[in-house]
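Just so we're aligned: the sequence shown equals residues 432 to 567 in my numbering.
Yeah, the Cβ is synthetic: ideal placement off N, Cα and C, and Gly gets one too.
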Amino acid sequence: MDDHTPDADAESDTGVEADTDVTVKTETHSHTEGGHAVETKAGAPIYADAGSEIDAKWMDAADGRILEAMQSEDIFEPRQFEEEGICPGKFAAYRCRELAKYGLLKRHMAGIYELSEAGERYLAGDLDPSDLEPDE
Numbered sequence: 432m433d434d435h436t437p438d439a440d441a442e443s444d445t446g447v448e449a450d451t452d453v454t455v456k457t458e459t460h461s462h463t464e465g466g467h468a469v470e471t472k473a474g475a476p477i478y479a480d481a482g483s484e485i486d487a488k489w490m491d492a493a494d495g496r497i498l499e500a501m502q503s504e505d506i507f508e509p510r511q512f513e514e515e516g517i518c519p520g521k522f523a524a525y526r527c528r529e530l531a532k533y534g535l536l537k538r539h540m541a542g543i544y545e546l547s548e549a550g551e552r553y554l555a556g557d558l559d560p561s562d563l564e565p566d567e
């Protein structure tokens with residue numbers, strides 16, 4: 432727990448006083464995976480910056496990188512996002528469905544998407560995604 436948590440104190444749930452001077456060090460490394468450089472922290476891939484800003488409540492921090500990758504390709508499959516080090520393939524598939532639901536991607540068939548005109552406008556800064564409504 433941190434100091435911002437109302438119940439935070441120096442004792443653990445075992446009743447033993449906790450060491451408050453513990454420092455955890457994590458290092459960021461880069462390695463090649465499938466021909467692509469993948470940045471890792473503590474051995475786990477770093478896909479999207481957890482501190483990334485999102486432009487609408489329904490969006491995720493990885494969405495901007497997904498849309499940017501889609502802009503550079505004609506058609507993209509979700510598994511390619513993992514190969515590019517953007518996010519795990521299954522998560523990309525979910526985010527692509529959400530982005531298509533809000534009109535930023537066009538779905539050709541299961542697992543095949545391309546950037547829509549609205550997606551292009553969003554990347555150009557000409558569209559506020561918080562104004563978009565989902566297709567139900």
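Reduced DSSP secondary structure (H/G/I, E/B, other) of residue i
| i | result |
| --- | --- |
| K532 | helix |
| K521 | helix |
| M490 | coil |
| E499 | helix |
Contact belief for residue i with residue j at Cβ below 8 Å, rounded distance in angstroms
| i | j | result |
| --- | --- | --- |
| Y544 | L536 | 5 Å |
| K532 | P565 | 5 Å |
| G534 | L498 | Contact flag wrong, Cβ pair sits at about 12 Å. |
| G520 | F507 | Not a contact, Cβ separation roughly 11 Å. |
Whether residue i touches residue j by CB criterion (8 Å)
| i | j | result |
| --- | --- | --- |
| S547 | D486 | no |
| A500 | E515 | yes |
| L554 | Q502 | yes |
| I517 | R496 | yes |
Best match in the options for proximity to residue i [C-alpha to C-alpha]
| i | options | result |
| --- | --- | --- |
| A492 | A523, Q511 and E504 | A523 |
CB contact check: residue i to chain B, cutoff 8 Å
| i | result |
| --- | --- |
| M490 | Of the chains in the structure shown, none is chain B; there is only one protein chain. |
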